[in-house]
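Student:
Numbering (our numbering), first residue to last: 1 to 525.
1) Spatial neighbours of residue 410 within its chain, please: CB distance less than 8 Å, with the 5 preceding and 5 following residues excluded, ordered by chain position.
2) What residues in its chain sit with their C-beta under 7 Å from that of residue 504, if we drop five residues either side in the sequence?
3) I'd like to know whether the C-beta atoms of residue 292 and residue 334 end up nearer to each other than 7 Å.
4) Could you tell me which of 14, 195, 416, 15 sits nearest to residue 381, measuring between CA atoms?
5) Using the C-alpha atoms, what's the distance from residue 232 back to residue 332?
6) Using the Cα positions of residue 158 and residue 399, report the straight-line distance between them to the nearest angstrom.
7) Using DSSP with H/G/I as helix, E/B as strand and the rest coil, what is residue 53?
8) Under 7 Å, do residue 197 and residue 17 count as touching if we go by C-beta distance?
9) So what does DSSP say about residue 190, is it helix, strand or coil?
10) Whose CA, out of 416, 253, 235, 54, lies closest to the CA of residue 322?
11) Are three or more beta carbon pairs between the stretch 278–288 and the stretch 230–249 nearer than 8 Å?
12) Restricting to Cα atoms, I'd like to know which of 487, 326, 384, 123 is closest to residue 432.
13) For residue 453, which of helix, strand or coil comes out of DSSP?
14) Could you have a look at residue 359 and say whether DSSP puts it in helix, strand or coil?
15) Span of the beta strand (DSSP E) holding residue 489?
16) If you run the structure through DSSP and keep just helix, strand and coil, what is residue 294?
17) Would you mind giving the Cβ-Cβ distance between residue 271 and residue 226, rounded to the nearest angstrom? I have them listed as a contact below 8 Å.
18) Just how far apart, CA to CA, sit residue 103 and residue 152?
19) Measure the alpha-carbon distance for residue 420 versus residue 357 and round it to whole angstroms.
20) Give me the Cα-Cα distance between residue 105 and residue 254, rounded to the nearest whole angstrom.
21) Going along the chain, which residues of its own chain have a beta-carbon closer than 8 Å to the beta-carbon of residue 113, five neighbours each way excluded?
22) With DSSP as the reference, identify every bridge partner of residue 253, one or two as the case may be.
23) Using 8 Å as the threshold, is the stretch 450–466 in touch with the stretch 484–498, meaning 3 or more CB pairs across them?
24) Among the candidates 397, 492, 23, 427, whose CA atom is the shortest distance from the CA of residue 457?
25) Using the Cα positions of residue 15 and residue 91, report the straight-line distance between them to the nearest angstrom.
26) For the candidate residues 306, 220, 141, whose alpha-carbon lies nearest to that of residue 341?
27) Roughly how many angstroms separate the alpha carbons of residue 287 and residue 2, rounded to a whole number?
28) What alpha helix (DSSP H) runs, 4 residues minimum, are completely inside the stretch 334–422?
29) So, do the stretch 237–246 and the stretch 35–49 have three or more beta carbon pairs nearer to each other than 8 Å?
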């Protein structure tokens, strides 16, 4: 069956993204838009809009034209947003790179996108220069000053005359973030101006009433990632809120900024919510200003969700989406009556969803687990230079196959179980690692956990748990704890204690790294 959104459809104007986001900037021109959490350096709405216009004008005079690609390789700082909209305002395409990338990883992205310019910070300049030398990049810009790069301030010196870019919103790509998609190596996701305008209006349509001109959101999730980019960089500009930036996550600094800057809205990933729920350091700070905590990018355990809400006093909600959907598929309104603990929310306006059997592709009904498929105006144009991967992800009827296993209940709430590719096959039965991880995290002696499949002669695959201890716990105690709470085929059958679980910047467990380590051990055994 096809599931419809419980929210009415919203109007989606066919306009370029930057004028749409900045349409009220003049009204708030003297209001702080972005504040650097550490230094207090502030950019007003007027400075963001004015700076973007100067940059677009300067780039045009340098020969940067519609369809050219500008790359940013930097952590979260207030000026990032100026570079973002300065690129788009002139008809350019922006590609955002993970600041943790090596020079080779960055060079791969620069070559794939054929980026003309690269913007970075002095600390990253050596890697940026090495990557640029292997690509078609013509000039490197730098926030601040550094030898061998053009200061970003040079792009602020212009008459402000804009090129006539003639944006075609449905066709013209605005941004090229990178995603591993449903599996495999990172791919450039082509998101159009229309996709980005659509997702903004769709988020409007779910009615998060508390997000307004009084909101102070903490922008600790990276701007290069679709979650930080849409929710923490652009939604504040659109709604007149203020974002406080942090270049990286450090728990003590994070808590201090929440307390001192009176943060009202936290958009986080499960590892940070886990810290809020369990870390003793939280008790030392006043988090009473926090009204809403939203978790995304990976499933959040129901028990952790409840603990974080009790401890902070804020409403803790979940959302679900992917880069290929311009951010979200489902989200939770800030109304306790419309939320269910453990659910990642309700389908966005203007979207349809279905759940299909992972083996037969047959359509399933409410409360039946399968692969989630969606379609709507926020679905990407496709993967850059990769029609084969695009065809594998979006079928001829326009359904995007998410690669996520989950179900939709009778009230339309989404519940995400795991990735199709990460399911463990124990004697032919499917075991979702995230489900076992949630059980493990409910043990107070366990600070963090990850579960992967390892080969087994009799069963095919068995679950192995990697555990970060909080207290004293043995391997046998871990296995017994899980066995008492799950069906027999889901029991953990191997345990290894580790210092940390490898995770991406967006908080997803890097199970492939653990699997690769395990394979290497087997080869040497």
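For every residue, glycine included, the Cβ atom is placed at its ideal position computed from N, Cα and C. Every value quoted in this text rests on a predicted model; they were computed, and no experiment measured them.
Tutor: Taking the geometry as given:
1) 366, 367
2) 510
3) yes
4) 195
5) 17 Å
6) 45 Å
7) helix
8) yes
9) strand
10) 416
11) no
12) 487
13) strand
14) coil
15) No beta strand (DSSP E) contains residue 489, which DSSP labels as neither H nor E.
16) strand
17) About 18 Å separates the two Cβ atoms, so there is no contact after all.
18) 21 Å
19) 11 Å
20) 29 Å
21) 69, 71, 93, 95, 176, 188, 384
22) Per DSSP, none; premise fails for residue 253.
23) yes
24) 427
25) 12 Å
26) 306
27) 41 Å
28) 387–393
29) yes
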